[in-house]
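Visitor:
Protein chains: 2
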Amino acid sequence: MKKVRVALAQINPVVGDLDGNTRKIVSYIKKAGKLKADIVVFPELAITGYPPEDLLLKPQFIKDNIKALNKAMAVTRGITAVIGFVDGDSGTLYNSAAIVSNGKLLDVYHKNQLPNYGVFDEYRYFQTGKRYPVYKLGGITFGINICEDMWFDDGPAKVQVMSGADLIININASPYHLGKASFRKKMVYSRVSKNKVAIVYINMIGGQDELIFDGGSFVVDSTGKTLVSAKQFAEELVTVDIEINSSRKKAGSKLSAVRRKKVDKINVPLGLVKGPKPSVRRKKQAVITETEEIYSALLLGTRDYVRKNGFKGVVIGLSGGVDSALVAAIAVDALGRENVHGLFMPSVYTSKESREDVDSLAERLGIKSISIPINRIFTSYLKTLDGYFNKTKTDTTEENLQARIRGNILMAFSNKFGWLVLATGNKSEMSVGYATLYGDMAGGFAVIKDVPKIMVYELCKWRNMKEGKDLIPERILWKEPTAELKPDQRDVDTLPPYPVLDPILKAYVEDDKSFDKIMKMGCDLECAQNVIRMIDRSEYKRRQAPPGIKITARAFGKDRRFPITNRYKSY
Amino acid sequence: MKKVRVALAQINPVVGDLDGNTRKIVSYIKKAGKLKADIVVFPELAITGYPPEDLLLKPQFIKDNIKALNKAMAVTRGITAVIGFVDGDSGTLYNSAAIVSNGKLLDVYHKNQLPNYGVFDEYRYFQTGKRYPVYKLGGITFGINICEDMWFDDGPAKVQVMSGADLIININASPYHLGKASFRKKMVYSRVSKNKVAIVYINMIGGQDELIFDGGSFVVDSTGKTLVSAKQFAEELVTVDIEINSSRKKAGSKLSAVRRKKVDKINVPLGLVKGPKPSVRRKKQAVITETEEIYSALLLGTRDYVRKNGFKGVVIGLSGGVDSALVAAIAVDALGRENVHGLFMPSVYTSKESREDVDSLAERLGIKSISIPINRIFTSYLKTLDGYFNKTKTDTTEENLQARIRGNILMAFSNKFGWLVLATGNKSEMSVGYATLYGDMAGGFAVIKDVPKIMVYELCKWRNMKEGKDLIPERILWKEPTAELKPDQRDVDTLPPYPVLDPILKAYVEDDKSFDKIMKMGCDLECAQNVIRMIDRSEYKRRQAPPGIKITARAFGKDRRFPITNRYKSY
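If you read the protein sequences in the order shown, they are chains A and B.
The opening position of the first sequence corresponds to residue 24 in the numbering used here, with each subsequent residue numbered one higher.
The opening position of the second sequence corresponds to residue 24 in the numbering used here, with each subsequent residue numbered one higher.
1. Grab the span of the beta strand (DSSP E) containing phenylalanine 367(A) for me, first residue to last.
2. Please state the DSSP three-state secondary structure of leucine 201(B).
3. Interface residues of chain B around lysine 509(A) at Cβ under 8 Å?
4. CB-CB under 7 Å to tyrosine 521(B), same chain, minus the five flanking residues each way: which ones, in chain order?
5. Measure from the alpha carbon of glutamine 121(A) to the alpha carbon of each residue in Tyr158(A), Tyr146(A), Asp40(A), Gln136(A), then state which is nearest.
6. Output yes if chain B places a C-beta closer than 8 Å to the C-beta of glutamine 567(A); else output no.
7. Identify the residues that DSSP records as bridge partners of arginine 28(B): which are they?
8. Could you check where the beta strand (DSSP E) with aspartate 237(B) kicks off and where it finishes?
9. Could you tell me the alpha carbon to alpha carbon distance between glycine 389(A) and leucine 433(A), rounded to whole angstroms?
10. With a threshold of 16 other CB atoms inside 10 Å of the CB of leucine 408(A), please say whether the residue is buried or exposed.
11. Could you compute how far the alpha carbon of serine 144(B) sits from the alpha carbon of tyrosine 318(A)?
12. Ends of the alpha helix (DSSP H) at valine 523(A)?
13. So lysine 391(A) packs on glycine 365(A), CB below 8 Å; how close in whole Å?
14. Flag this pair as yes or no: are the beta carbons of serine 342(A) and proline 496(A) separated by less than 8 Å?
15. Mapping the DSSP letters down to three states, classify alanine 446(A) as helix, strand or coil.
16. Entirely within the region 31 to 116 of chain B and at least 3 residues each: give me those beta strand (DSSP E) ranges in chain order.
17. Going along the region 47 to 67 of chain B in order, which residues come within less than 9 Å of chain A, judged by CB to CB distance?
18. For the beta strand (DSSP E) containing isoleucine 555(B), list its first residue and its last residue.
19. Can you confirm whether arginine 283(B), when its beta carbon is compared against all beta carbons of chain A, has any partner nearer than 8 Å?
20. Given a cut-off of 8 Å on the beta-carbon distance, is the pair glutamine 231(A) and glycine 72(A) in contact?
21. In whole angstroms, give me the CA-to-CA distance for valine 29(B) and alanine 196(B).
22. If you measure from the beta carbon of lysine 277(A) to each beta carbon in chain B, is any gap under 8 Å?
23. How many Å lie between glycine 238(B) and proline 586(A) at the Cα?
24. Within the continuous alpha helix (DSSP H) that includes valine 182(B), where are the two ends?
25. Step through the CB atoms of chain B and report whether any lies within less than 8 Å of the CB of alanine 280(A).
26. Using a Cβ-Cβ cut-off of 8 Å (strictly less than) and excluding sequence neighbours within five positions of leucine 260(A), which residues of its own chain qualify?
27. Ignore the nearest five residues each way along the sequence and tell me which others in valine 355(A)'s own chain have a CB closer than 8 Å to its CB.
28. Please compile the residues from chain C whose C-beta is within a distance smaller than 7 Å of the C-beta of phenylalanine 108(A).
29. Taking 8 Å as the CB-CB limit, is lysine 81(B) close to chain A?
30. Hey, could you find the ends of the alpha helix (DSSP H) lysine 319(A) is sitting in?
31. Would tyrosine 140(A) be called buried (16 or more neighbouring beta carbons within 10 Å of its own) or exposed?
32. By Cβ distance, which residues of its chain are closer than 7 Å to leucine 460(A), with the 5 residues on each side in sequence left out?
33. For alanine 426(B), which residues of its own chain have a beta-carbon under 6 Å away from its beta-carbon, when the five flanking residues on both sides are left out?
34. Looking at chain A, which residues of the region 196 to 219 of chain B have a Cβ within less than 7 Å of any of its Cβ atoms?
35. Any beta-carbon of chain A closer than 8 Å to the one on threonine 575(B)?
36. Considering Cα atoms alone, identify which of Asn44(A), Ala469(A), Phe65(A), Asn290(A) is closest to aspartate 130(A).
Below, the structure written as C-alpha cells:
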C-alpha cells in the first residue's frame, strides 16, 4: 500500500492571458508544495484558457504559450505538475498536458479524443494524439489524459491501466449545463468500476463568453469511493491522499496489438514527498439544488464576463417585469449593488404597477434606478416619420420604435459612463423572436438568454426564499407578463401560455424532436406550427443577439448553428 | 476510343428547400436526357443545399432528404445521375453522392476527406467514408468523389484510377473567395497530370448567408485540355463529350495493400446512349477581372439573400459616402431599381456636398431616395438625457446617438414596408470597430462587410467604367472619407490612411502575421499597436453584426472565430 498526495488546482484562467494564467499557476504550484503534495494538477489548456478559438491559428500565440509553460515549469522544485497547454507548431497542434518536475519537462501527453460537437470545435485546431504513456513516480504508476479521452470505454485510460497505471489523472475544461456534474460523475464511476483504478478528475472554473466551467473536481479511489470533491463555481486548491494498492488484479479486457505498441513507460525521476505531511481532511461539499446550481452559474458567468472584460459597472433596463428583476438580482449578487444601475424608461403604455414594482425592486436590491420617460423622443420619431407612415396602420413598427429608443438610451449610458448593458431577454423570447432587435435585445451580455421563462420564475422564487424575504417583489412574480408596447398588451395574445410553450421549445430547439411528437404536447396543430414557424423565422435576430450564458444542454449561439436562409419546414 | 456525354448541372439550391431543390434536380435530369447525356452530375448536397448546418441534427430532416432523393431517382430513365445528398441515420451521417440510373439506386459514395477549417464544420456532422468504388458504364470506368476528396494527392481519386477509372467525377459545394477559381483549377490540373485521367469538376452556384458558391464548373481531359467551362455566378447546364482512350497506360504510384482492398467495381447497368446526339459545341467563357469577379459575387450574394428569404425590396441609408453608394449600385444591379429605396438622414453635421451627392447618386441609379432629417429626434434625446449628461463632456456618446437614430429609422421602414435593411459598413471599419453597433451596423445583411475600403473604391471605379459613365458620382470617389457625426470629422483623425491600414488589417486578420512583420508595414510602433488593439477590442461588435458576403480568404463571421473575452496581446 502506497500513498500519493495530489493537489487539485481548480483555477479560473482568462483566455489569452498567458502572463496572468501563468502567474496563477506558479502561485498554485507553490501553495501545493507547501501542502507537501507529490503531484499538483491543473485543468486542460490552463496556460491559454479554454477555448482559445482562432487565437490558436496565430503562430506567435503558440510560441508565447510555450514560453509561458517554461515559466511555470521553472518553479516545480520537489513537486510534479501536470499543466494543460498547446503543443506543436502552427498547422500541427495538440491539446496537451505537460508533465513537469524539478524544472524539467518529463513528457507531453497529446489528447486523443477531440470533441467536435455542441460548443466544441477541436478538429478545427488540433491533431489527435496517438501515445498513451504511463509514468512511474516512486512506486506508483499513473497515466494522464485529457477531458473527452475519458468518455470512451476503450479510450486512453484503458490502455494506461493495462500498462500498469494505478491512477489516472484526467484534466478538463468541461463546460457546464444543467445535469452535467452528475453525468460526469456517472462516467467516471463507470471507468473506475471497469478498470479498478483511482481517478483524479480536475475541472476548470470560470466564465468565458457563453461558457461556464463549473469546477466540481473530484477524486475517486479504485473501490469507487469519492475521496474528495471541490466546490462548484469557485476557485479552489484541494489536496487529497490517495492510497494505492498496486498488488490488485488489473481489470479490463485485452487490448489489441496495435494499441499495446503505442504504450511506453516513463520514469518520473522524483520519489514521493518524504516526511510528515499536514493533514488534508475537509468536510464534504453540500449538495445544491438544480435551481441554486443554475443561479450560481448565472452569477459566475455575469461576474466573469464583466470583470474579465474590464467593466466597472452594468446598466439594466428595468421594466417592472420578472426578467429584468432577475437579471438585476443576479447582477447585484455578482458585482455588488454599487455597480448596478437601473434605468426605468416608461412610455404612455407603462402601467402604474410597473413603476411601483421597479421602485420597490430597486429599493429592495439597494440599487439606484432613474426614470427616463421616452414619450418626448417617441413623439419626435412619430412626427418625423408621419409624412411617410400616415397612410399606414399602427403595427409592430411603433412597438419596435419604443423598444429601440430604450436600447439607444441604455447604450448612451453605456457609452457615457463605461457601463456594460445587460440584456434581459429569456430563452422563451429568444426562441420565438418575441423581442426587438436593437431594442430590448441590445446589450453586451444577455444573462438569462438560455433560461426559459418558467425557470426565470423558479430562480426568482429560490432567490427570495434564500433571502428569507421578497427581494424581488411578490407582485412581479404573479402579475401577467406583458411587453407594454401598446394598450392592454399581454404575452398570451401572441404566444401560447409559457407552461405550454416552454416544453415545446425544449423539444424542438434542444431535443430535435419530430413534429409528430411535438403535436402531442398539448398544443393543437395550428399552435404547434405557429410556434415552430416563429422559431425558424427568428434565426436572423438570434444571429445578432449578444452572447449569453449557456445553462441548458443546447443554447443558442455556438451551440446551435442554424442557417438563416432556410426553407425547411418540419411541420 | 470511347465517348461519354456528361451534363454538368450547375444549380442553385436553397438550404432546406428539399421540395424545391428536388423539383430543380428533376427538371435538369429531364433537360440532360433531351440532350442525350449519358451521365448528368449535380453538386455536393444538391438535395439539401449547402451547408445545412444543424438541420443535419434533426432525424426528420435526414429522412425527408432521402424521400426527396427517391423522387429525383424516379425520373432517371435512360440516364445515369450523380446526386449529392445525406446518407445514414441520425448520429451516423455521410456527406454522399447517389449513383442512380433507370429509377434505381446503384451505389452510394461517402465523402472521405471532411473539411473542418475556415467556414467548414463537417466533422460536426459527418463520418468519413472508407470505400472508393469505380463504376463501369458501357466500356468506360469512372469514379465519383466529393469536394475535399480531390484536394489530396493520395486521396480517393488515386485509388479509383489505380482501379481502372478513366474518368473522375468530383462534385462540389466550394465556397468562393478571391483567387479560389484559379486555385481549384491548378489543383485539378495537378491530379490530371499525375493520374492521366479525365476530371469533371462540378460546383454549386448561389448565395447562402455568408457564402457564395461561384460555379465555374469545368471538365479537363486526360491530356490536361480543358474541354468546357461553365459560367461563374450563374445557373447553367453544360454538356460535353469526353473521349476516353482506355488503352492508355495508367499513371500513379502503387497503392498500399490496405487501400486496394477497399476498392470495388460496380457495373452501372446501362450502356452509353445510342444513336445521333445533338451537337454540344459552345464558345469559351470570357476571363473576367478580379474586380468584376468580386462585384459579381456581391451581386449574387445580395440577390440570393434577399430572394431566398422572401423580401421584396431593400432600404439603404445613403450618406453621400462611397460605401453606401457602392451598396446601392450593387442592390440596383441585383434587384432592379424599383426594389431599392434610399434614405438620406441628415443632421446638423451633414454637409451640403453630402446632400448633393446623395441626390445625384439616386438620380443616376434611378432609385427613389427620401430625406429624413434627424435633428428633431436628436434634440429630443439630448433634452431627455440632459439631466444626466449635463456634467459630462460631449464625446462618442452623442455621435453614436445619431448613428442609432438612423438605425432606428431604417428599421422602422423595414418593419412598416417589409424591406430588408442593407448595412453599408466595409471590412476596414468592421475590423477596427469604426462603426456604431445598432447604428450604421444595423441591418439584415451587410453587403460589403468583407470588402476593404481600398477595394470599395476599385469596385466603384470598375462599375462606372462598365457603365461608360459615372453611375456613382465622381466626387464621391475622391472626397475625403468622413462619418459626419461631429464638426470637421475625418476618418484619418481616428485611423491611419486606408492605404496604410488595409494591408495591416489583411496581415493581422487574414494572414495571422506576427507583430514583428506588421511593424515593418509602414506604420510606426504606436500606430501598429493602436490598430491591433482596435481590432481585438471590436470583437464584441462583430459578434452582433449582420451576416455579410465572404469574398476574401478569411471573412468575419463563421470564418474567423474569435473569443470576445480575450487578454492576449500580440504587440
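Where a beta carbon is used, it is the ideal one built from N, C-alpha and C, also for glycine.
Source: prediction; values computed, not measured.
Guide: Considering the structure as presented:
1. Per DSSP, phenylalanine 367(A) is one residue of the beta strand (DSSP E) stretching across 363 to 367.
2. The answer is coil: DSSP assigns leucine 201(B) none of H, G, I, E or B.
3. Per Cβ cutoff of 8 Å: no residues; lysine 509(A) is ~14 Å from chain B at best.
4. Ser451, Lys476, Ile477.
5. The question names glutamine, yet the displayed sequence has alanine at residue 121(A). That would be Tyr158(A), whose Cα lies nearest to the Cα of alanine 121(A).
6. Cβ-Cβ to chain B under 8 Å: yes for glutamine 567(A).
7. Beta-bridge pairing links arginine 28(B) to Asp264(B).
8. 234 to 237 is the span of the beta strand (DSSP E), which, as asked, contains aspartate 237(B).
9. Straight-line Cα distance between these residues: approximately 20 Å.
10. So leucine 408(A) counts as buried.
11. Per the sequence presented here, residue 144(B) reads as aspartate, with serine not at that position. Taking the straight line joining both Cα atoms gives about 33 Å.
12. Start and end: 521 to 528.
13. The pair is a contact, with the Cβ atoms about 7 Å apart (cut-off 8 Å).
14. Not a contact, by the Cβ cut-off of 8 Å.
15. Alanine 446(A) falls in the strand class under three-state DSSP.
16. Listed in chain order, the beta strand (DSSP E) runs fully inside the region 31 to 116 of chain B are 62 to 64, 103 to 112, counting runs of at least 3 residues.
17. Residues of the region 47 to 67 of chain B that bring their beta carbon within less than 9 Å of a beta carbon in chain A are absent altogether.
18. Not the beta strand (DSSP E): isoleucine 555(B) falls in the alpha helix (DSSP H), residues 548 to 560.
19. Annotation note: pLDDT 46 at arginine 283(B) (below 50); position unreliable, coordinate value reported separately. False, the Cβ-Cβ gap to chain A never drops below 8 Å.
20. Contact annotation: glutamine 231(A) and glycine 72(A) have beta-carbon atoms nearer than 8 Å.
21. Those two C-alpha atoms are separated by around 19 Å.
22. Summary for lysine 277(A): the model assigns pLDDT 49, below 50, so the residue's position carries little reliability; its value from the coordinates is reported in the next sentence. Lysine 277(A) does not count as touching chain B.
23. Rounded to the nearest angstrom, the two C-alpha atoms are 21 Å apart.
24. Note, valine 182(B): alpha helix (DSSP H), 179 to 185.
25. Its pLDDT being 39, under 50, alanine 280(A) is placed unreliably in this model, and the coordinates cannot settle the point.
26. Closer than 8 Å at Cβ, skipping near neighbours: Ala30, Leu31, Ala32, Gln33, Tyr51, Lys54, Ala55, Leu58.
27. Val363, Leu388, Gly389, Ile390, listed in sequence order.
28. Among the protein chains of the structure shown, namely A and B, there is no chain C.
29. So, interface residue.
30. Lysine is not the amino acid found at residue 319(A); the sequence shown has serine there. It spans 313 to 331 - the alpha helix (DSSP H) in which serine 319(A) sits, taken as one unbroken run.
31. The residue in question, tyrosine 140(A), is exposed, as its Cβ has fewer than 16 Cβ neighbours within 10 Å.
32. Closer than 7 Å at the Cβ level, and outside the excluded window around leucine 460(A), lie Lys564, Gln567.
33. Taken in chain order, the residues that qualify are Thr459, Gly462, Asp463.
34. Correct list: empty, as no residue qualifies.
35. Against chain A, the CB of threonine 575(B) has no partner CB under 8 Å away; the residue lies outside that interface.
36. The candidate whose alpha carbon is nearest that of aspartate 130(A) is Asn290(A).
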